[in-house]
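First to last, the sequence lines map onto chains A and B.
Following the numbering used here, the numbering of the first sequence begins with 107 at its first residue and continues without gaps.
Following the numbering used here, the numbering of the second sequence begins with 12 at its first residue and continues without gaps.
What follows is a short report on a single structure.
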Amino acid sequence: AQSVAQPEDQVNVAEGNPLTVKCTYSVSGNPYLFWYVQYPNRGLQFLLKYITGDNLVKGSYGFEAEFNKSQTSFHLKKPSALVSDSALYFCAVRDKENNFNKFYFGSGTKLNVKP
Amino acid sequence: GAVVSQHPSWVICKSGTSVKIECRSLDFQATTMFWYRQFPKQSLMLMATSNEGSKATYEQGVEKDKFLINHASLTLSTLTVTSAHPEDSSFYICSARGGTSAFFGTGELFFGEGSRLTVL
Numbered sequence: 107a108q109s110v111a112q113p114e115d116q117v118n119v120a121e122g123n124p125l126t127v128k129c130t131y132s133v134s135g136n137p138y139l140f141w142y143v144q145y146p147n148r149g150l151q152f153l154l155k156y157i158t159g160d161n162l163v164k165g166s167y168g169f170e171a172e173f174n175k176s177q178t179s180f181h182l183k184k185p186s187a188l189v190s191d192s193a194l195y196f197c198a199v200r201d202k203e204n205n206f207n208k209f210y211f212g213s214g215t216k217l218n219v220k221p
Numbered sequence: 012g013a014v015v016s017q018h019p020s021w022v023i024c025k026s027g028t029s030v031k032i033e034c035r036s037l038d039f040q041a042t043t044m045f046w047y048r049q050f051p052k053q054s055l056m057l058m059a060t061s062n063e064g065s066k067a068t069y070e071q072g073v074e075k076d077k078f079l080i081n082h083a084s085l086t087l088s089t090l091t092v093t094s095a096h097p098e099d100s101s102f103y104i105c106s107a108r109g110g111t112s113a114f115f116g117t118g119e120l121f122f123g124e125g126s127r128l129t130v131l
């Protein structure tokens, strides 16, 4: 079965400091991994993805994520947080085994960036 | 980029009535669309997968007769909540995946802005 876990319900960081939002995955085979961001009462916006290739993936709004196969992790990072980064972040894995279209989302992590 | 439009953004209805939510892909053809439900402070729950021209595939525990999904064209899918009750109040989000062009080859989903349903 495919799944992702986000161990932190909430992450608090001061503006200007680096941020990390954690995600671990459990998949059979090579994973397709994604990060999305959701602002209040809005849909999800795509940030970045890992399909293959370089383990460090760069995405929108200065975010990046590192795929670590040995630790089965795909943590989202940003060198310098902005107050406007405050939102709900979801990690997701795409099913490549039983249903190529199905995405499995983590429970979400609320990021609070304080001025 | 790929844009998915969802309408209405907000809807309030009386218990027992039916509500239709539309999901449109504006600049691409969406062979497959997905409907999610999100409860407050929770993750997205996949309700069903709809493929253009065929019946939707519902996830376990989702009532087919309650949540009618139609994907009659490559740019439009609709979710109808029939005989709505207060427990159906939720945030419904659609997403779409295009065809096999290079632009969609890497497989990310594109999401609508969501529809907040409140059943009184």
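All C-beta atoms in this analysis are idealised placements derived from N, C-alpha and C, irrespective of residue type, glycine included.
Straight-line gap, residue i to residue j (C-alpha atoms, nearest Å)
i, j, result
"E63 (chain B)", "A41 (chain B)", "8 Å"
"F102 (chain B)", "A59 (chain B)", "15 Å"
"L125 (chain A)", "Q53 (chain B)", "22 Å"
"D76 (chain B)", "A67 (chain B)", "12 Å"
"L162 (chain A)", "A171 (chain A)", "6 Å"
"G125 (chain B)", "D160 (chain A)", "33 Å"
"W141 (chain A)", "C105 (chain B)", "17 Å"
"P97 (chain B)", "P19 (chain B)", "18 Å"
"F211 (chain A)", "F196 (chain A)", "6 Å"
"F209 (chain A)", "E119 (chain B)", "9 Å"
"A113 (chain B)", "T28 (chain B)", "Only weak support is given to the placement of A113 (chain B): the predicted model assigns it a pLDDT of 45, under 50, and the value that follows is read from those uncertain coordinates. The straight-line gap from Cα to Cα measures roughly 43 Å."
"S213 (chain A)", "C129 (chain A)", "10 Å"
"I80 (chain B)", "G123 (chain B)", "16 Å"
"T43 (chain B)", "S84 (chain B)", "10 Å"
"N218 (chain A)", "D191 (chain A)", "8 Å"
"L90 (chain B)", "R35 (chain B)", "12 Å"
Partners in chain A for residue i, counting only beta-carbon separations shorter than 8 Å
i, result
"G125 (chain B)", "N147, R148, G149"
"F39 (chain B)", "Simply none; closest approach about 14 Å."
Amino acids of chain B, ordered along the chain, whose beta-carbon sits closer than 7 Å to that of residue i
i, result
"K128 (chain A)", "Here the premise fails: no neighbours, minimum Cβ distance about 15 Å."
"G214 (chain A)", "S54"
Beta-carbon proximity of residue i to residue j, cut-off 8 Å
i, j, result
"V22 (chain B)", "V30 (chain B)", "yes"
"S26 (chain B)", "A95 (chain B)", "yes"
"E116 (chain A)", "A193 (chain A)", "Going by the sequence as given, residue 116 (chain A) is Gln instead of Glu. No; because the gap between Cβ atoms is not below 8 Å, this pair is not in contact."
"N121 (chain A)", "L188 (chain A)", "Going by the sequence as given, residue 121 (chain A) is Glu instead of Asn. Yes. Within cutoff."
"L128 (chain B)", "S88 (chain B)", "no"
"V110 (chain A)", "A198 (chain A)", "yes"
"D201 (chain A)", "Q112 (chain A)", "no"
"Q17 (chain B)", "E33 (chain B)", "yes"
"Q13 (chain B)", "F39 (chain B)", "According to the sequence as given, residue 13 (chain B) is Ala; it is not Gln. Contact flag set, yes."
"G165 (chain A)", "L154 (chain A)", "yes"
"L55 (chain B)", "Y47 (chain B)", "yes"
"T178 (chain A)", "Y131 (chain A)", "yes"
Where residue i meets chain A, residues with beta-carbon distance less than 9 Å
i, result
"L57 (chain B)", "K208, F209, Y210, F211"
"F78 (chain B)", "The premise fails here: F78 (chain B) is roughly 17 Å from chain A at the closest Cβ pair, so nothing lies under 9 Å."
"F50 (chain B)", "Those within 9 Å of F50 (chain B) in chain A number zero; the least Cβ separation is about 11 Å."
Cross-chain neighbours of residue i in chain A, by beta carbon under 7 Å
i, result
"E119 (chain B)", "F140, F152, K155"
- [ ] Kindly provide the ranges of any beta strand (DSSP E) runs that are 3 or more residues long and lie completely inside the region 56–104 of chain B, ordered along the chain.
- [x] 78–84, 87–92
- [ ] Output, in sequence order along the chain, the residues in the region 84–107 of chain B whose CB is closer than 7 Å to any CB in chain A.
- [x] I104
TODO: With 9 Å as the limit, tell me which residues of the region 182–197 of chain A have their beta carbon closer than that to any beta carbon of chain B; keep them in chain order.
DONE: L194, F196
TODO: With a floor of 4 residues, list each alpha helix (DSSP H) that falls wholly inside the region 123–191 of chain A, ordered by position along the chain.
DONE: none
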